[in-house]
Amino acid sequence: MAALHYMPGFGNDFETESLPGALPQGQNSPQRCAYGLYAEQLSGSPFTAPRGINERSWLYRIRPSVKHGGRFAPARRDHWKTAPNLDDHELPIGQLRWNPTPMPKEPVNFIDGIRTMTTAGDVHGQAGMAAHVYAFNSDMVDDYFFNADGELLLVPERGRLRIFTEMGIIEVEPSEICVIPRGMMVKVAALDGEARGYICENYGAKFSLPDRGPIGANCLANPRDFKTPVAAYEDKEVPCRLHVKWCGKFYETTLDHSPLDVVAWHGNYAPYKYDLRTFSPVGAILFDHPDPSIFTVLTAPSGEEGTANVDFVIFPPRWLVAEHSFRPPWYHRNIMSEFMGLVYGQYDAKEEGFVPGGMSLHNMMLPHGPDAMGFNKASTVDLKPQRLENTLAFMFETRFPQHLTRFAAELDSLQDNYADCWKDLKKRFNGTVAGDWPEEAKNT
Ligand SMILES: [Fe+2]
1 MAALHYMPGF
11 GNDFETESLP
21 GALPQGQNSP
31 QRCAYGLYAE
41 QLSGSPFTAP
51 RGINERSWLY
61 RIRPSVKHGG
71 RFAPARRDHW
81 KTAPNLDDHE
91 LPIGQLRWNP
101 TPMPKEPVNF
111 IDGIRTMTTA
121 GDVHGQAGMA
131 AHVYAFNSDM
141 VDDYFFNADG
151 ELLLVPERGR
161 LRIFTEMGII
171 EVEPSEICVI
181 PRGMMVKVAA
191 LDGEARGYIC
201 ENYGAKFSLP
211 DRGPIGANCL
221 ANPRDFKTPV
231 AAYEDKEVPC
241 RLHVKWCGKF
251 YETTLDHSPL
261 DVVAWHGNYA
271 PYKYDLRTFS
281 PVGAILFDHP
291 DPSIFTVLTA
301 PSGEEGTANV
311 DFVIFPPRWL
321 VAEHSFRPPW
331 YHRNIMSEFM
341 GLVYGQYDAK
351 EEGFVPGGMS
361 LHNMMLPHGP
371 DAMGFNKAST
381 VDLKPQRLEN
391 TLAFMFETRF
401 PQHLTRFAAE
411 LDSLQDNYAD
421 CWKDLKKRFN
431 GTVAGDWPEE
441 AKNT
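Residues in the sequence shown are numbered consecutively from 1, following full-length UniProt numbering.
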């Protein structure tokens with residue numbers, strides 16, 4: 001198969017055509033479009049949104065989308081939950097951690113392989129998010145899907161994905177992410193036979209790049225490293241099914257053709273991928289530990305400045321050089337709610353128990369921090385420059401409390417001893433300035 005092509009930039013005004021002359025020049029709505037295509041606008045923001053956040057694309061397609069819907073029937077997809085989804089279980093509050101979700105044994109495709117772990121906010125107010133895991137082993141071939149409830153941020157942990165969207169084809173592997181805009185039709189295939197990962201379903205304002213403040217014009221996630229696909233289409237007339245998620249409910253309809261029929265498009269409402277290995281971290285170069293917001297890749301704002309509907313934050317390989325400092329993340333209580341996953345390796349605040357494909361949840365105002373082993377080691381280690389290798393953890397951090405689903409509360413992979421990771425933290429206070437530390441530790 002030919003190599004895929006992408007266009008660089010974040011939120012650019014892109015243009016692309018898969019047949020020469022398919023894209024109108026100088027206007028959006030010619031009396032008749034080239035190749036007999038239909039012109040259709042896809043609005044990702046209100047018409048009147050300020051220019052900086054106004055998003056729409058013009059799609060030139062074989063059939064208009066009114067031919068891809070109609071006569072929907074209700075459908076069930078019981079494991080994909082939507083906020084508000086309260087009182088779904090009886091598990092008391094607490095810090096929670098899960099082992100990896102088992103791979104399915106029966107054939108299951110991407111949308112049937114999604115399991116919701118938490119929901120937050122309220123989809124009806126376009127505020128909040130859901131954290132899902134996906135695990136599947138069967139390709140969507142004649143099945144298509146769009147989600148009216150929010151954009152989908154996919155974080156692969158195992159296996160490569162091929163995501164055929166209305167606006168082109170994206171392939172991603174672990175260490176990359178993909179964002180599928182709200183309302184965009186897609187089908188997803190597992191290029192390695194099976195795939196697993198995490199999804200943030202963002203009900204709120206779209207993900208954007210965080211302001212860098214005094215950091216300046218470079219570093220963190222740079223706009224040029226975001227990649228949007230060139231136009232690609234299917235001209236396929238076979239029985240197909242279109243599945244829709246709309247305000248938490250599922251519907252489906254049958255078609256006699258593929259809805260992925262966009263031959264050309266232009267605009268700034270489009271899917272994209274990003275390679276997390278191109279994230280340029282900024283951190284402490286003398287002492288102490290900045291807040292983890294320094295590792296924000298994407299932020300979805302709420303109406304309140306600095307208070308994210310959800311942030312997507314990563315903890316990538318990096319150098320630790322801070323002098324006379326406790327280098328791992330500090331102990332913490334937070335008004336925001338933190339859902340974490342691990343793509344590969346080991347996370348520096350947890351020596352054991354947090355493994356690739358696993359998850360943890362530190363909900364609003366519940367304390368968390370390094371486990372006993374991590375604390376003791378970081379408190380006594382010789383502070384040479386250290387390169388943190390083999391680690392890629394991430395966090396979905398939202399202003400809204402995250403409510404567990406019954407599925408998450410009853411998973412066999414839920415670790416009932418997670419809170420024990422702090423039980424061996426000793427009292428070091430003994431009334432002396434040096435505290436109760438071994439002699440050799442006092443000299444470092
Ligand atoms: Fe935290």
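For glycine and all other residues, C-beta sits at the position ideal for the given N, C-alpha and C. Owing to the predicted nature of the structure, the values given are computational and were not obtained by experimental measurement.
Quiz item: Within 6 angstroms: the Cβ of I363 and any heavy atom of ligand 1?
Solution: Sequence check: residue 363 is Asn here, not Ile. Result no, Cβ not under 6 angstroms from ligand 1.
Quiz prompt | Buried or exposed (CB count within 10 angstroms, at least 16 for buried), F47 | solution = Flag for F47 reads exposed.
Quiz item: How would you call L86, buried or exposed, if buried means at least 16 neighbouring beta carbons within 10 angstroms?
Solution: Looking at its Cβ environment, which holds fewer than 16 other Cβ atoms inside 10 Å, L86 is exposed.
Quiz item: With P64 and Y38 assumed to form a contact (beta carbons below 8 angstroms), what rounded beta-carbon distance in angstroms separates them?
Solution: About 4 angstroms; that satisfies the 8 angstroms criterion.
Quiz item: What number of angstroms, rounded off, separates the C-alpha of K273 from the C-alpha of D311?
Solution: Rounded to the nearest whole angstrom, the CA to CA distance from K273 to D311 is 17 angstroms.
Practice problem: Tell me whether H289 counts as near ligand 1, meaning its Cβ is closer than 6 angstroms to at least one heavy atom of that ligand. | Solution: No - ligand 1 has no heavy atom lying nearer than 6 angstroms to the Cβ of H289.
Self-check item: Buried or exposed (CB count within 10 angstroms, at least 16 for buried), L91
Solution: Exposed, because fewer than 16 other Cβ atoms sit within 10 Å of the Cβ of L91.
Practice problem: Classify I215 as buried or exposed, calling it buried when 16 or more other Cβ atoms lie within 10 Å of its own Cβ. | Solution: It is exposed - the Cβ of I215 has fewer than 16 other Cβ atoms within 10 Å.
Exercise. Please specify which runs of the alpha helix (DSSP H), each continuous and at least 4 residues long, are wholly inside the UniProt domain "Homogentisate 1,2-dioxygenase C-terminal" (278–429), giving them in chain order.
Key: Those alpha helix (DSSP H) runs which fall completely within the UniProt domain "Homogentisate 1,2-dioxygenase C-terminal" (278–429) and span 4+ residues are 372–380 and 406–410.
Quiz item: Looking only at DSSP bridge pairs, what is I114 linked to?
Solution: According to DSSP, which records beta bridges pairwise, I114 is partnered with Y134.
Self-check item: Proximity below 7 angstroms, CB of G44 to CB of Y203
Solution: In terms of Cβ geometry, G44 and Y203 do not form a close pair [threshold 7 angstroms].
Quiz item: Hey, is N99 close to ligand 1, as in C-beta under 6 angstroms from one of its heavy atoms?
Solution: Of the heavy atoms belonging to ligand 1, none sits nearer than 6 angstroms to the Cβ of N99.
Practice problem: Inspect the beta-carbon positions of G113 and A135 and report whether they are closer than 7 angstroms. | Solution: Against a cut-off of 7 angstroms, the Cβ pair of A135 and G113 comes out as a contact.
Quiz prompt | Counted within 10 angstroms of its Cβ, other Cβ atoms place D412 as buried (16 or more) or exposed | solution = Counting Cβ neighbours within 10 Å, D412 comes out exposed, since fewer than 16 surround it.
Quiz item: Which of helix, strand or coil does DSSP assign to D149?
Solution: Per DSSP, reduced to three states, the secondary structure at D149 is coil, with no helix or strand assignment.
Quiz prompt | Nearest-angstrom Cα separation, counted from T278 out to E176 | solution = Cα-Cα distance, rounded: 10 angstroms.
Quiz item: With 16 as the cutoff for other CB atoms within 10 Å, does Q31 come out buried or exposed?
Solution: Within a 10 Å sphere around the beta-carbon of Q31 sit fewer than 16 other beta-carbons, which makes this residue exposed.
Self-check item: Closest residue to D371 among N430, V282 and Y418 (Cα-Cα distance)
Solution: Of N430, V282 and Y418, the residue nearest in Cα terms is Y418.
Quiz item: Closest by CA to R61, which one among F110, C200, M140 and H266?
Solution: Nearest C-alpha to R61: H266.
Quiz prompt | Three-state secondary structure assigned by DSSP to V141 | solution = Three-state result, V141: coil.
Self-check item: beta strand (DSSP E) segments (min. 3 residues) lying fully within the region 167–238
Solution: You should have 168–172, 176–180, 186–190, 195–202 and 226–229.
Quiz item: Around the C-beta of V172, are 16 or more other C-beta atoms found within 10 angstroms, so that it is buried, or is it exposed?
Solution: It is buried - the Cβ of V172 has at least 16 other Cβ atoms within 10 Å.
Practice problem: Kindly list the residues whose CB is nearer than 6 angstroms to the CB of P24, restricted to its own chain and excluding five residues on each side of it in sequence; keep chain order. | Solution: Excluding sequence neighbours, P24 sits near P30.
Quiz item: Roughly how many angstroms lie between the CA atoms of A221 and V297, to the nearest whole one?
Solution: Straight through space, the alpha carbons of V297 and A221 are spaced by roughly 6 angstroms.
Exercise. Quick one: give me the first and last residue of the beta strand (DSSP E) that C33 is part of.
Key: Counted as a single uninterrupted DSSP element, the stretch harbouring C33 is not any beta strand (DSSP E), since DSSP gives it neither H nor E.
Quiz prompt | Sub-7 angstroms separation of F400 and G183 beta-carbons | solution = The answer is no: Cβ separation not under 7 angstroms.
Practice problem: Look at F339 and F396 and say whether their C-beta atoms are less than 7 angstroms apart. | Solution: Yes. Within cutoff.
Quiz item: Looking at the unbroken beta strand (DSSP E) that takes in H89, where does it start and where does it end?
Solution: Looking at the DSSP string, H89 is not in any beta strand (DSSP E), and its letter there is neither H nor E.
Self-check item: Spatial distance of R162 from V141 (CA atoms)
Solution: Going by the C-alpha atoms only, they are around 12 angstroms apart.
Quiz item: How many Å lie between M185 and L260 at the Cα?
Solution: Approximately 7 angstroms, taken between the alpha carbons.
Quiz item: For G168, which option in G213, L59, V433 and F429 has the closest C-alpha, if you only look at C-alpha atoms?
Solution: The candidate whose alpha carbon is nearest that of G168 is L59.
Exercise. Compare the C-alpha of P104 against each of V133, L96 and A434 and name the closest.
Key: Relative to P104, the option among V133, L96 and A434 whose CA is nearest is V133.
Practice problem: Take every Cβ of the region 226–235, pair it with every Cβ of the region 8–28, and state whether three or more of those distances are shorter than 8 angstroms. | Solution: Touching, yes, given that three or more Cβ pairs across the two stretches are closer than 8 angstroms.
Exercise. Out of T307, P290, R333 and G306, state which residue places its alpha-carbon closest to the alpha-carbon of F315.
Key: Here the closest residue by C-alpha is P290.
Practice problem: Assign E440 to one of three DSSP states: helix, strand, or coil. | Solution: Looking at E440 - three-state DSSP - the assignment turns out to be helix.
Quiz item: If you compare alpha carbons, which of D256, R97 and R76 is closest to H362?
Solution: Cα-wise, what sits closest to H362 is R97.
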